[in-house]
Structure formats: structure tokens, C-alpha cells
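There are 2 protein chains.
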Amino acid sequence: MKKHNFSAGPCILPAEVFQKAADAVLNFQGIDLSILEISHRSAEFVAVMEEAQHLALSLLGLSDKGYKALFLQGGASTQFLMAAYNLLENKAGYINTGTWSTKAIKEAKLFGEVVEIASSKDQNFNYIPKDFSVPSGLDYVHCTSNNTIFGTQLKEFPTSEAPLVCDMSSDIFSRALDFSKFGLIYAGAQKNMGPAGATLVIIKESILGKVSRSIPSMLDYSVHTGKESMFNTPPVFSVYVSLLTLQWLQNKGGISAIEKANTEKAELIYSEIDRNPLFTGFVANKEDRSNMNATFTLTDASLQSTFDGLWKEAGINGLNGHRSVGGYRASMYNALPKESVQVLVEAMQQLEKQA
Amino acid sequence: MKKHNFSAGPCILPAEVFQKAADAVLNFQGIDLSILEISHRSAEFVAVMEEAQHLALSLLGLSDKGYKALFLQGGASTQFLMAAYNLLENKAGYINTGTWSTKAIKEAKLFGEVVEIASSKDQNFNYIPKDFSVPSGLDYVHCTSNNTIFGTQLKEFPTSEAPLVCDMSSDIFSRALDFSKFGLIYAGAQKNMGPAGATLVIIKESILGKVSRSIPSMLDYSVHTGKESMFNTPPVFSVYVSLLTLQWLQNKGGISAIEKANTEKAELIYSEIDRNPLFTGFVANKEDRSNMNATFTLTDASLQSTFDGLWKEAGINGLNGHRSVGGYRASMYNALPKESVQVLVEAMQQLEKQA
């Protein structure tokens, strides 16, 4: 029996992607070699890399708009420092909406002055700050589009004359946005794009070359854009599986189609959280709720072992909340079927009947 | 028909590793989840990471000797800068034996003074420099154990009071050495350890904490050792396949057993290069020849298309030399069977008969 996988990341990918990835490990495209043993300079892999870059930009509506797509390594955690290394000359503004923003701020402070433009730390990040003003004279403004741990999501993005930098690790390719508003978008692959081990970087080339410090080659966006993301050996398999996932998304109808499905899944779980007296949502304001990660707790903690038994019995995996929040977290990335959310809702309803 | 894969890296891995990796992509250890969709904090993956670290140290004879094994991202190219970021306070010594040493030197110069202790650049890196002296007062001494592009290999390592740092990307786990001589060993996985996307770092903890600069978290060895290589999401699949490959090596009898097999393969190809009047080796001195990468050219360039036809016809892949050297390169990593080398030797003999 296939599990209903609500893991926060690494997370579920489409079943057809798993099958194609397994096939490629045994014999890639019928060339009698494994995807794991071919040269990254082979014609076959160069074609994979080029198509993945092309498709990422195309799905985001950024083709021919001065952007490059890179598949790097090191996760968003490496981007926290790379963004600052490449872009922070004097002063940058950060919006602090959770654990990942806080970590990004910590790394940026090694490279220049950081202004915390807005923060929801005062209420353990259970809301998205609004009505703040962005000062002028910043090198860039940084935000986190979706907060995996707390279950909040930015619905509006700040406006500024400075380039907008966004960590979209946990909701890229999940909803339609005007991506051309951003100067730099980065995302660990392991939510909506692929397996762990690749990091997508979408960069507007015109924002580069404005800091005076020397940048080590592997941390220099210009080095990677100049080499079409092949400066050194890329994470071949993770890039290939990301390509398979992007192809699946395109065949599904692209971002607007998946956004509709994601909205339906989110409405299903949040309706139940709001209706069922045994559950309460973690996020203070409904408009700040994430369509990717629904965080909730039991109103009566003594029901925990009963509820845990119910959802585990139903074949659900990965529902425990992060230790910073407690309770439960239902991560509903692109590849999670609506049926899995239905199974979870039924477990919640079953608890209500039994309690 | 399975190819005879002489690719320089990413390269051949054991057939049983490909099979187990493909199985895990569909259903990991019978838990009804793919290795690509499980949390890196799951009990299953934590066990993989711990065993991979334990086995790497054990195979190298470094258990309980003050070393930690890390599985990071970014390849040796990232280690070029991390080594200097973490260890270079004033002055470091580098032995320049090829393209990778040259790149390591370039990155280190951003962090302090670099003394080139020895170099074979004067003859396009076709030999290993010897009879040089290591100055005192260095923060560390850096060398490259095997030069993939040129086909040379260090047989003796420099001695110094300073920690010895070694890029072993292309020959780690291929031969017995006293690994406790080294303070830091790093290696991209994609030769003898696994697929691209993971980088093994073996570090003696006592050499850390001696530089005064602030180090970004992801570039700080202490951060990674403190979190047992789980500071952020590791490259899950690449670590798992590395574990499978290390298990295969252990079952083969470990490094001493594989060294014997590697020596036999190298003797087979070098004997033919020396015997066959149509071929000549690139490396000037026989004692500097690499047991991993044999570089050679045709004595008569007009035979190129005939020879290329012969080895391709025999099912050989990845024999073209690097553009810096030209000619041919037979990469014979741990997983390459002796039979594949025999097939290549037969193609070379066939050319002699036809010519």
C-alpha cells in the first residue's frame, strides 16, 4: 500500500517520476548506462540540464526576460550566504517571518548591515507582518514566501526600488505570481521540484556585479551563469529528477492548473480544522495560512494517542508538527493527491465520532 | 549489452549498487515510501547517514582517532574555498600537480598567502615533483593525491609539522595509505564512492578553531561536525548510494583487496601501452603513473578514426582524453571490472594487427 505522505520535505513526488527515476538508474534513455555513471559533459546530460533550465524559466513565465536558471548544491542554507556575498555592499532589508528568515539574517550580517524591516517574532511567527514601510537605499529586500515550520505564507510581496530576493523553497511552482518582480529566487529542490541535493536559483543577470568584494568561484553567481550551471560537476541525478518533476507539472497544465488543485486541497483541510471542535489552527489570521503546510493542534491534548493511532492506521506518514510549534503539520505539496487530504480529514472526523 | 565504462567521473559503480538504488527509488527498505520522499530526519535516513559515516572512517582505518566524516555538497570545488576559509590564517603551502591543484590555489589566495611549494606546470603536469622542501610556519600543506586529467598520482606524501590537507577526489578508497597522516581529506563522491552530489570530508577535529575570521555556517566545518553532517538537508539519495558502494567495498575485502585488483588492472593497460608500438603514455616517469587514470596517445595520429571505431565497436564508453592532454584516458575506478580493461587491450592489439 502506498502511503499518504504529508512529509514536510523531502516529500512526495509524482509516482510516475519515481518510476522513471528508477528506470534511469538501471538504464538511462536506453544507452545501456545508468544515469549515475554518465559524464556530466555527455551529450545526454547536457541536454537534461538545458531542458531543466529552459522549463524552469518557462513555467515561471521568465523566458527571455534576462533571467538565468541554475541548479546548484547546498540548499537554501547556502543561498542565505551566497545572496549576501554577491549582493550586500552596504545595507539590506529582511522580513523575518520564521526560522528560515532568521537564519538568512544571521548569515547576511557577516557581510553588511541588515535592517529587519518587519518581523512576527513577537507571536512565535504565527502571522505575516503587514503595513510596514521599506526604507530606501537598500541593496536588496529579502523575504521568505512560505514558512514551512509555522504554516504561514506571503500573499502580498513588498515593493521596493531595490531588487527583491525571495526564498521560495517550500512553495515555488505551487501558485501563480508575477515572478518578474523578483531579482533573485532560490529554492531547495526537495519540496515541489525534486529530491534533496539540488537548489534552483533564478537570477536576473542585471542585478549582479555591484559589490566590491572578491567572491570565491563556487559562491559567485556570475561564475555559474557564465558556465550555464556547469562550472563543476552538478548533482546529476537530482537535476534529472527535477526535470522529470517539471515535465510532470507542465503536462498537468503548469502552475495555474496546480494552483487550483492546491487551493482545493488547502480548503479541504482548513474547512475541517475550522469545523471540527477537536482541532484548532496555529496561524492567527486565516488570510496568512499556507496552502502548502497546514499547522494545527488538538484542543484536548489527551486525545493525542488516539488521533495518532487513527492517522497511522489510515496509512498517513509525516504528520507530526515541527518541534518549534508542536501539534500537527499537513504538508500538501504539488504531488500530494487530494485523496490523501480526504483520508486525513476522515481520520479527523473519525476522532470526533470516537471522542 | 552493458557498456565498458571508462568515464573519468561521474563513473561506473557496482552493478549491485545500481540495482539496490533503483529498488530504493521505488520502495525504500519495504516502508512503502521512496528514498526520494522520506524526511532526512526520519529514523531510516538517520541510520543511513550514521552507517555511511561509520563505514567511511572504518574503511580508512580512522575510527576512534579524532576524525569526523561529513557528507556535504558542492564537490571538491567547494572544498577548495572551505579548506582555506577554515584553516588559512596567514600562509599555506600548495603542491601544484595539475588543473585541480591550480584551482585550489586560486581560491586559497582570497584568504591568505599561498606558497607554491612545488609544481610540475613547466611540463604540462606530466610528472610528480619530488625533492622539494616544505617550509616551516605554514597553516597547512595542500596536495592532490591523483590527477584525473593528466594521469599522475602521488605515491609519497609530503611531511610537515602543519596539517596535511589532501584532495583525494579521484583515488580515495582505491589504495591503502596511512590516512592518519592527514588533517583534512576531501573527495567528490563521483569516482570511487557514489554518484555526483555528495562530497566526503574527513576532518581531524583538533585542527579546527584556529582562524580568527567569522565563517558562514554552511562553510564552517565545526558547524557540520557539531550537527553530525545534518546541519541542513543532506543530499539524501547520494549519501544512500555512497553507503551502498562502501558496503560493496567492505564485502569485497576493503581497501587492501581493491588495491590489489586496481594494481592488476593498471598493469594490464600500462603493459600494453609500453609494448604496443602504436601507443605512447602521456606521463614522463613510470613511477608517477596513476592507477586510476591511464593517459595515452597514438604514435600515428592518422589511426585515430580506426582506433575510435574499434573501441566503440567493443562497447567501450568514455575513453576520450581531456582537452588539456588530448589522446585517450582509461579511467579504471574501483567498480570497473578487469574484463573491461582486457576488452580495451584487445582493441589496442586489434589496431596493431590492422595497421
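Heads up: the sequence lines are chains A and B, in that order.
With my numbering as the guide, the letters of the first sequence map in order to residues 4 to 358.
With my numbering as the guide, the letters of the second sequence map in order to residues 4 to 358.
Note that beta-carbon positions come from the ideal geometry of N, C-alpha and C, so glycine has one too.
**Prompt:** Given a limit of 9 Å on CB to CB distance, which residues of the region 183 to 200 of chain A reach chain B?
**Reply:** Listed by position, the residues of the region 183 to 200 of chain A near chain B (Cβ gap below 9 Å) are Gly-191, Gln-193, Gly-197, Pro-198, Ala-199, Gly-200.
**Request:** Specify whether the region 43 to 59 of chain A and the region 280 to 293 of chain A touch according to this definition: at least 3 beta carbon pairs, one from each stretch, less than 8 Å apart.
**Result:** No, the region 43 to 59 of chain A does not touch the region 280 to 293 of chain A.
**A:Glu-278 classed as buried or exposed, judged by whether at least 16 other C-beta atoms fall within 10 angstroms** = As written in the sequence, residue 278 of chain A is Arg, which differs from the Glu given in the question. Classification of A:Arg-278: exposed, given that the 10 Å Cβ count is below 16.
**Request:** Return the bridge partner residues of B:Thr-359 from the DSSP annotation.
**Result:** Here chain B covers residues 4 to 358 and nothing more, so residue 359 of chain B does not appear.
**Cβ of B:Ile-15 within 8 Å of any chain A Cβ** = It does; some Cβ of chain A falls within 8 Å.
**Message:** Per the DSSP calculation, A:Ile-205 is bridged to which residue(s)?
**Reply:** DSSP lists A:Ala-72, A:Ile-188 as partners of A:Ile-205.
**Item:** Contact belief for A:Asn-129 with A:Ala-287 at Cβ below 8 Å, rounded distance in angstroms
**Value:** Contact between A:Asn-129 and A:Ala-287 holds, since their C-beta atoms are separated by about 5 Å, short of 8 Å.
**According to DSSP, residues forming a beta bridge with A:Gln-156** = Paired residues: A:Asn-149.
**Prompt:** Can you name the residues of chain A whose CB is closer than 7 Å to the CB of B:Gly-321?
**Reply:** Residues of chain A with a Cβ closer than 7 Å to the Cβ of B:Gly-321 are, in chain order, Ser-42.
**Prompt:** Is the beta carbon of A:Leu-141 less than 8 Å from the beta carbon of A:Gly-77?
**Reply:** No, Cβ-Cβ distance for A:Leu-141 and A:Gly-77 is not below 8 Å.
**Message:** Between A:Leu-301 and A:Gly-330, how many whole angstroms is the CB-CB distance? I'm expecting something under 8 Å.
**Reply:** Between A:Gly-330 and A:Leu-301 the Cβ distance is about 7 Å, and since that is below 8 Å, they are a contact.
**Message:** Closest to A:Phe-176 by C-alpha separation, out of A:Pro-166, A:Ser-61, A:Lys-68, would be which residue?
**Reply:** That would be A:Ser-61, whose Cα lies nearest to the Cα of A:Phe-176.
**Prompt:** Residues of chain B with a CB under 7 Å from the CB of A:Pro-280: which are they?
**Reply:** The contacting residues do not exist; A:Pro-280 stays about 30 Å from chain B at best.
**Request:** Work out the CA separation of B:Lys-158 and B:His-7 for me, nearest whole Å.
**Result:** Answer to the nearest angstrom: the Cα atoms are 28 Å apart.
**Request:** Could you tell me the boundaries of the alpha helix (DSSP H) in which B:Arg-278 lies?
**Result:** Where B:Arg-278 is concerned, the enclosing alpha helix (DSSP H) stretches over 257 to 278.
**Prompt:** Around the Cβ of A:Lys-341, are there at least 16 other Cβ atoms within 10 angstroms (buried) or fewer (exposed)?
**Reply:** In this structure A:Lys-341 is exposed. Its beta-carbon is surrounded by fewer than 16 other beta-carbon atoms within 10 angstroms.
**Prompt:** Taking Cβ-Cβ distances shorter than 8 Å, what residues in chain B pair up with A:Val-244?
**Reply:** Result: Leu-39.
**Item:** Pick from B:Asn-195, B:Ala-201, B:Ala-11 that is closest to B:Thr-81, judged by C-alpha positions
**Value:** Of the listed residues, the one whose Cα sits closest to B:Thr-81 is B:Ala-201.
**Request:** Specify, as a first and last residue, the run of the alpha helix (DSSP H) that B:Ala-358 falls within.
**Result:** Where B:Ala-358 is concerned, there is no enclosing alpha helix (DSSP H), given that its DSSP letter is neither H nor E.
**Buried versus exposed, by CB contacts within 10 Å (16 or more), A:Ala-304** = Classification for A:Ala-304: exposed.
**Whole-angstrom C-beta distance between A:Val-117 and A:Ala-111, which should lie under 8 Å** = So it is a contact: roughly 5 Å between Cβ atoms.
**Prompt:** Taking DSSP as the reference, what is the three-state secondary structure of A:Phe-299?
**Reply:** In the structure shown, A:Phe-299 adopts extended strand secondary structure according to DSSP, grouped into three states.
**With 16 other Cβ atoms within 10 Å as the buried cut-off, status of B:Phe-135** = Taking a 10 Å sphere around the C-beta of B:Phe-135, we find fewer than 16 other C-beta atoms and assign the residue as exposed.
**Asked** Nearest CA to the CA of B:Tyr-2: which residue from B:Val-344, B:Lys-315, B:Leu-313, B:Thr-102?
**Response** No answer is possible for residue 2 of chain B: the residues shown for chain B start at 4 and end at 358.
**Item:** DSSP state of B:Asp-125 mapped onto helix, strand, coil
**Value:** Under the three-state reduction of DSSP, B:Asp-125 is assigned to helix.
**Prompt:** Is the region 164 to 181 of chain B close to the region 34 to 42 of chain B, with three or more CB pairs under 8 Å?
**Reply:** Too few Cβ pairs lie closer than 8 Å, so no.
**Prompt:** Opposite A:Asp-170 in the DSSP bridges: which residues?
**Reply:** Looking at the DSSP output, A:Asp-170 bridges to A:Thr-147, A:Tyr-189.
**Message:** My output table needs one value for B:Glu-231: the three-state DSSP class, helix, strand or coil.
**Reply:** B:Glu-231 falls in the coil class under three-state DSSP.
**Prompt:** Which first and last residues belong to the beta strand (DSSP E) in which A:Lys-289 is found?
**Reply:** It is not in any beta strand (DSSP E) - A:Lys-289 carries neither H nor E in the DSSP assignment.
**Message:** Give me the DSSP bridge partner(s) of B:Thr-283.
**Reply:** Its beta-bridge partners are B:Thr-300.
**Message:** Distance check for B:Ser-241 and B:Tyr-224, CA to CA, integer angstroms please.
**Reply:** About 20 Å.
**Asked** So does the region 230 to 248 of chain B actually touch the region 90 to 107 of chain B, counting three or more Cβ pairs closer than 8 Å?
**Response** Counting C-beta pairs closer than 8 Å gives fewer than three between the region 230 to 248 of chain B and the region 90 to 107 of chain B, which falls short of the contact rule.
**Asked** Within 10 angstroms of its Cβ, does A:Gln-193 collect 16 or more other Cβ (buried), or is it exposed?
**Response** Buried.
**Request:** Would you tell me roughly how many angstroms separate the C-alpha atoms of B:Lys-133 and B:Val-328, rounded to the nearest one?
**Result:** Inter-residue distance for B:Lys-133 and B:Val-328 is about 22 Å (C-alpha atoms, whole angstroms).
**Request:** Determine which residues of the region 62 to 89 of chain A have a Cβ less than 7 Å from any Cβ of chain B, and write them out in chain order.
**Result:** Within the region 62 to 89 of chain A, contact with chain B at the beta-carbon level (separation under 7 Å) is assigned to Gln-76, Gly-77, Gly-78, Ser-80, Thr-81, Leu-84.
**Request:** Please state whether DSSP places B:Gly-197 in a helix, a strand or coil.
**Result:** Correct three-state label for B:Gly-197: coil.
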